[in-house]
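Residue numbers (this note's numbering), protein chains in the order written: chain A, 153 to 673; chain B, 21 to 366; chain C, 972 to 1317.
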Amino acid sequence: MPDSPIPGEATVAAPVLEMRGIRKVFPGVVALDDVDVDVVAGEVHALLGENGAGKSTLIKILAGVHRRDGGTMRVAGEEVDFASPADSLGRRIKVVYQELDLVDGLSVAENVFLGGYPKTPRGLVDFAAMRNRTRELLADLGLEIDPALPVGELRVAEQQMVEIARALSRQARLIVMDEPTSALSPAEVDTLFGVIARLKSRGVAIVYVSHKLDEIERIADRVTVFRDGRRVVTAGVAETTPRQLVAWMVGRELHDLFPKSAPAIGGPLLVVDRLSGSGLRDVSFAVNAGEIVGVYGLMGAGINTLGRALFGAAARDGGSVVLAGAAIRPNHPRDAIAKGMGLLTENRKQDGLVLPLAVRANMTLAALARFADLSWIKGGAETRAAAEYVDRLGIKTPSLRQPVRYLSGGNQQKVLMARWMLRQDSLKLLILAEPTRGIDVGSKAEIYRLIDAMAHRGIGIVFMSTEIPEILGIADRILVMREGRITAELGRAEATQERLVAAAATDDEPLPAALPIDAAS
Amino acid sequence: MAAIHPDRSAAAPSAGGGGGIRRRLLPAVRHEEIALLGLFLLVAAFFAVAVPSARSGGTYLDLLRDAAPNLIAAIGVTLLLLAGEFDLSVGSMLAFTGVVTVSTFNATDSMWLGIVAGLLTGPLIGAINGYLVTVQGMNSLMTTLGMLFALRGLVYVWTNQTPVVDENGFSVFTGFYRGEIARIPLPGIIALVLIALAWLFATRTEFGRNIYAIGGNRTAARVSGIRVQRNTFLLFVLSGTMAAIAGVLVASQTGTGYFDAGVQGFELIVIASIVLGGVSLSGGEGNLLSAMLGVLILGMVAKGLRLMGAHTTQQLVVTGIVMLLAVFLHGVRQRMLVESRRRNRA
Amino acid sequence: MGADSIRTLDVGSPAGRSTRRPLAGLATWLFRTQEGVLLLVLLALCVVLSRLSPVFASERNVFVLLSQISLTMITAVGMTLLIVGREVDLSVGSMQAFVGVVAMQTLNATSNLFAGLAVAILAGVVVGLVNAGLTLGLRINSFIVTLAMLTILRGLAYTFTDAAVQNAHNLEAFRAIGIGFIAHIPGVGRIPWPVVITAVVFVAFALLLTRTTIGRYVYAVGGNPRAAELSGVSVWGVKTFCFVVTGVLAAVSAFILIARLNSGQNNAGFGFELQVIGAVLLGGASLAGGQGTLVGTLLAVLLLGTLNNGIILLGIDSSWQLAVNGLIILVAVLLDARRRRAVGQE
């Protein structure tokens, strides 16, 4: 523990929520260990931490999705135990997830009142009353959205507001927002913060989950910092500095986490010239053999699209991609693979894993031809290769036949990395989009080590991330993207957190509160 | 640009570009009923031109009579599909209820007892389906497929694969099928009344609206406190009931319980009609009236071809092609909608 | 969120843990997998039947049984591939009629066995390609595409002949395919041609599915098409392959059927599609794709066939077959639902 907890400033009021000694264990991981959090009416309480630090688990316990393994929980002084999301809702707690719980085909009003529609005296749904009350609720939030529109036709930001209106329709006293700004434009973020201010003034308590320091500075009253499943500290935001928050959040010297060795950078490998399509605009850059190029940008800046477009998995309508002298055909992943490219998208489950298939089959999927004579799989060779990589990458699995579905997130990610590493000689460039997302800190370090080792074997790496510390920790060179364009290119020595933030922020918005931290410090 | 401008409510709700216009246009494009009504009229017009006898109003009244069992059974199946569940057992139900009804006639010499017995089989079988799917967590497609075989088999065993004829010759019973009020065939009236009630149920009651939530986003429904299991169970009971009404109507056609009623893929035709009516097989999307129009379109195609003197054979071929075409066009329209939404958002 | 909660559930239950540790491999396999459970039930059934009927275990009866299941099994092999690849084909029933009449006509016209067989297989390829083209090219759900194809092919078969195309030549080799024996093997008995063909098809495709890259790709495409595509697998190619294999194997079974009946009948194969799909799903395949084995399908087909065989041997009214098949499917799905819940899979 770096510091003793700073007492919160807002402890005068009776807490809406008190969580004491919360513990939650997942297979092989203690997700939460002895965590205390309390929230009082009318405050915005931020939960800050890296991915995998435990904040998501905490809110899932609060939402009734997970059941805690230890500790006590009180809502407005009463001890509670949530067995289902309905229990949590019954206590007037509403969680607004990143993946919103809305029914696309139903109207805004119907979504707001889902599960408890106003009725006419004859027992039919009173649509007029429902629309009017929805309009009032939204107006209270300072919004104007047509209550009759199907929710599926709204923008994400608007859908989020529908969720918040829904919370108000149920007289929520505590609203939890899970990374609410991740898909919003700066203007939409302003709107959201306006709404949060209004909610606050009405005495609604807000739990705001984020890993963005600038947002916390702007709207939170208190902040609780998580690291590795533990609460590091709870402090009044006004009494802390961003530098201190980062120190609490990361909690260790960065080079512990990033085993960066001296790079052995070779000749040019990938040359991208004026690439466009899928929202990308005139993207040009090069990657050398053995070099790790980090691509940083905010959510929605197009970093993940860039990876897909290079690979042919996202539409490309202009420019060229040349890998080791060979032009890669647009929109044709198989050509990219044949010419030596590999891609791990940010979405493991949707784009990478074949969940019902065994670990071995998942590992060898892209390199199966290597183990086959005229399509006949040589089982021995395949098993030996898979076993070798399970060993080499330290993949924890009871057997090679285990369906990959049952592995932990970190091990699943390693299986996917093995899929490309098994292509061995033919793999020249590996594109990794947020490879450490949702992975515990221990596994993260191992994945960084693997990436470093691959670069040492001469493979070029393009590493996309929205997390500044890992980009700074691992990349030899950093590209910053904003709105589909590259806005900065920084060498490892010149890259700092503030420079990345400055290059990633949009023009039409003032820079967020300065963060005078060199993350490497 | 951003659609939400706090404290600037005087401005148009969706500022910027053609977004506002497109939004206003969307409801018109969205209304499946209008597109399907157009398709129906097109089909009807084609036959009116091609076959002189199709021009009389009687043709359409006959259509209503012929299509009544399909319409009624389709009500229950549609509501289940909207909730994301299948019911394949309706074809066998048709035979089962018919046989139960007429057998009860012969056993008790009472028409009303027979009809009541026939109608009661529906909720009973539906409840079994519903129990297996909701309480036991069985896949509804497989469960009702098993029920399809089990019921059909029971009918075969029971009837020894011979039609069960009404020995009393209840003319009131056959009157249900033949009868008409103000020239409108009775089966058609029954179907229309049931459709109206079901439409009211689906659009105006909370349970009805919750069906969309259950089929569209089960998690959201559960989190909002909707009793997903119970509602799904009741929908199975409803579907069984509708199939039983259809079965009794089919039996009243000639006062006979046919062991092979609906054996030629009744359940598949019903599902195809509903899908033609724009209801998604994955639940949550579509509406009852469109589904009913889907049934009528396939019915009209069959009827028109018959009037043209086409064989059942060609009817089948044309039906298949119309089905493909309609579903394809639905998909195209859907993609256009998605595209326009995306542009709208950008 | 869903996946996470599944993971926790999974660990909480001791049953989940035991499947993950291949401790007592055989016992786990027998009691915890669909194939194992099917094998146990099949063995128990065989023991009971051989006690009840002295004929059951006789050489003659065993081959009669195997001949009887051959048509279902051959088509089910293709259907397994297709369902593992996350598609389905409802047109296989109508294929029996359509391919049957076309092939019989060809045989009559040419008096050449190979010409007839070639036309049958060609028809299978074409239907498979059309199904694949419509499903993949027009992006229509294969359930609907093949349902339309079911209707169309049945209509074409009707158009082709009013009832049946009789065998107008007398090729001995042709009849042999349906009812002949390949050889007498001492100690085993006379082996019918359909059994040999079924065995060859089964072994060939079992090897293909488990030992070749294409088989592996079928699982990958069914389990997660996006992931397969991004790993360099051609989803279109793999799915088209599965559709064509299903078409060809359905055609092969249609050819055996006409040889057995000595005529191509336009009403052959009613409800065949649901029986085949029922067997494949009973064998442990999932309509969600990526799961299922040919061994499971074989055991399910054997189980259903043995049951039907037993019903006849025990002198029970053959009408019971369908009902019992339905019940077996219901029980199997129930067991599967319980097993999944124990393992914590959704």
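Note that beta-carbon positions come from the ideal geometry of N, C-alpha and C, so glycine has one too. Keep in mind it's a predicted model, so treat the numbers as computed, not measured.
Are the beta-carbon atoms belonging to residue i and residue j less than 8 Å from one another?
i          : j          : result
Ala261(A)  : Pro302(A)  : no
Thr618(A)  : Glu586(A)  : yes
Leu1220(C) : Val1048(C) : yes
Leu316(B)  : Phe60(B)   : yes
Ala442(A)  : Gly612(A)  : Position check: residue 442(A) holds Gly in this sequence, whereas Ala was assumed. Their beta carbons are under 8 Å apart, which means Gly442(A) touches Gly612(A) by this criterion.
Val337(B)  : Gly1126(C) : yes
Val1215(C) : Ala1308(C) : no
Gln312(A)  : Leu252(A)  : yes
Asn1237(C) : Ala1094(C) : no
Ala1128(C) : Val1072(C) : yes
Arg383(A)  : Met401(A)  : no
Gly1160(C) : Phe1069(C) : no
Leu288(B)  : Val295(B)  : no
Ala605(A)  : Gly355(A)  : no
Which residues in the same chain have their Cβ closer than 7 Å to the Cβ of residue i, if we skip the five residues on either side of it in sequence?
i          : result
Arg355(B)  : none
Leu1285(C) : Leu1023 and Ser1024
Leu325(B)  : Gln334, Gln335 and Val338
Thr272(A)  : Asp278
Ile610(A)  : For the sequence presented, residue 610(A) should be read as Gly rather than Ile. Same-chain partners within the cutoff: Gly418, Ala441 and Gly442.
Phe234(A)  : Gly216 and Ser240
Go through its chain and collect everything with a Cβ distance to residue i's Cβ below 6 Å, but skip five positions before and after it.
i          : result
Arg44(B)   : Residue placement at Arg44(B) cannot be trusted, given a pLDDT of 49 that sits under 50; the coordinates are not used to answer.
Phe410(A)  : Tyr600, Gly625 and Ile626
Val347(A)  : Leu293
Gly381(A)  : Val182, Ala183, Leu184, Asp185 and Gly206
Leu731(A)  : Given that chain A is displayed from residue 153 to residue 673, the structure contains no residue 731(A) and the question cannot be resolved.
Ser1224(C) : Leu1042, Ile1045 and Thr1046
Gly268(A)  : none
Ala640(A)  : Val632 and Ala655
By Cβ distance, which residues of its chain are closer than 8 Å to residue i, with the 5 residues on each side in sequence left out?
i          : result
Glu53(B)   : Asn307, Leu309, Ser310 and Leu313
Gln1006(C) : A small fix is needed here, since residue 1006(C) is Glu in this sequence, not Gln. Within the same chain, Glu1006(C) has close Cβ partners Trp1000, Gly1254, Gly1255, Thr1264, Val1266, Gly1267 and Leu1270.
Asp330(A)  : Ser208, Ile211, Val247, Val248, Tyr249, Gln250 and Val361
- [ ] Determine which residues of the stretch 148 to 172 of chain B have a Cβ less than 8 Å from any Cβ of chain C, and write them out in chain order.
- [x] Hits within the stretch, in order: Leu152, Gln156, Gly157, Met158, Asn159, Leu161, Met162, Thr163, Leu165, Gly166, Met167, Leu168, Phe169, Ala170, Leu171 and Arg172.
TODO: Evaluate the contact criterion for the stretch 270 to 286 of chain A versus the stretch 218 to 237 of chain B: three or more CB pairs, one atom per stretch, below 8 Å.
DONE: yes
Open item on the list: Would the stretch 163 to 172 of chain B count as touching the stretch 109 to 116 of chain B if we require 3 or more Cβ pairs under 8 Å?
Closed with: yes
Open item on the list: Along the stretch 331 to 343 of chain B, where does the CB come closer than 9 Å to a CB of chain C? Name the residues.
Closed with: His331, Thr332, Thr333, Gln334, Gln335, Leu336, Val337, Val338, Thr339, Gly340, Ile341, Val342 and Met343
TODO: Tell me the start and end of each unbroken beta strand (DSSP E) in the stretch 310 to 345 of chain A that is at least 3 residues and wholly inside, in chain order.
DONE: 326 to 330
Task: Every unbroken beta strand (DSSP E) inside the stretch 168 to 241 of chain A [3 residues or more] - done: 181 to 192, 196 to 200 and 222 to 227
- [ ] Could you name each continuous alpha helix (DSSP H) segment of 4 residues or more that falls completely within the stretch 280 to 352 of chain B, going from the start of the chain to the end?
- [x] 286 to 296 and 308 to 327
Task: Any alpha helix (DSSP H) of 4 or more consecutive residues that is wholly inside the stretch 267 to 293 of chain A - done: 279 to 292, all fully within the stretch 267 to 293 of chain A.
- [ ] Examine the Cβ distances between the stretch 124 to 133 of chain B and the stretch 254 to 264 of chain B and report whether three or more of them are shorter than 8 Å.
- [x] no
Task: Validate contact between the stretch 206 to 219 of chain B and the stretch 76 to 93 of chain B using beta carbons, cut 8 Å, 3 pairs - done: Enough Cβ pairs lie closer than 8 Å, so yes.
Open item on the list: As an exercise, report each continuous beta strand (DSSP E) stretch of at least 3 residues that is fully enclosed by the stretch 1206 to 1247 of chain C, in chain order.
Closed with: 1234 to 1236
Task: the stretch 243 to 254 of chain B contacting the stretch 113 to 122 of chain B, beta-carbon criterion three pairs below 8 Å - done: no
Task: Any 3 or more C-beta pairs closer than 8 Å across the stretch 528 to 547 of chain A and the stretch 508 to 517 of chain A - done: yes
TODO: Give the residues from the stretch 484 to 499 of chain A that approach chain C closer than 8 Å (Cβ to any Cβ), ordered along the chain.
DONE: Pro485, Arg486, Ile489, Ala490, Leu495 and Thr497
- [ ] List in chain order: all unbroken alpha helix (DSSP H) runs of 4+ residues lying wholly within the stretch 49 to 93 of chain B.
- [x] 52 to 70
Task: the stretch 1190 to 1219 of chain C: positions lying closer than 8 Å to chain A by Cβ - done: Residues Tyr1190, Ala1191, Gly1194, Asn1195, Arg1197, Ala1198, Ala1199, Glu1200, Leu1201, Ser1202, Gly1203, Val1204 and Ser1205.
Open item on the list: Counting only Cβ-Cβ distances shorter than 7 Å, please list the residues of the stretch 227 to 247 of chain A near chain B, keeping chain order.
Closed with: Pro237, Ala238 and Leu241
Open item on the list: If contact is defined by three or more beta carbon pairs under 8 Å, each pair taking one atom from either stretch, is the stretch 1116 to 1123 of chain C in contact with the stretch 340 to 357 of chain B?
Closed with: yes
Task: Near-chain C residues of the stretch 174 to 202 of chain B (beta-carbon distance less than 7 Å), N- to C-terminal order - done: If the cut-off is 7 Å between Cβ atoms, the stretch 174 to 202 of chain B has Leu174, Tyr176, Val177, Asn180 and Gln181 near chain C.
TODO: Jot down the residue ranges of each uninterrupted beta strand (DSSP E) in the stretch 1011 to 1036 of chain C, minimum 3 residues, whole runs only, in chain order.
DONE: Scanning the stretch 1011 to 1036 of chain C for uninterrupted beta strand (DSSP E) segments of 3 residues or longer gives nothing; none is fully contained.
Task: Cβ-based contacts, 9 Å cut-off: residues of the stretch 1160 to 1183 of chain C near chain B - done: Hits within the stretch: zero.
- [ ] Determine contact between the stretch 1191 to 1198 of chain C and the stretch 494 to 508 of chain A, defined as no fewer than three beta-carbon pairs at a distance below 8 Å.
- [x] yes
- [ ] Specify whether the stretch 1286 to 1299 of chain C and the stretch 139 to 159 of chain B touch according to this definition: at least 3 beta carbon pairs, one from each stretch, less than 8 Å apart.
- [x] no
TODO: Could you please tell me which residues of the stretch 507 to 532 of chain A, in chain order, have their CB closer than 7 Å to any CB of chain C?
DONE: Hits within the stretch, in order: Leu507, Pro508, Leu509, Ala513, Leu517, Ala518, Leu520, Ala521, Ala524, Ser527, Trp528 and Ile529.
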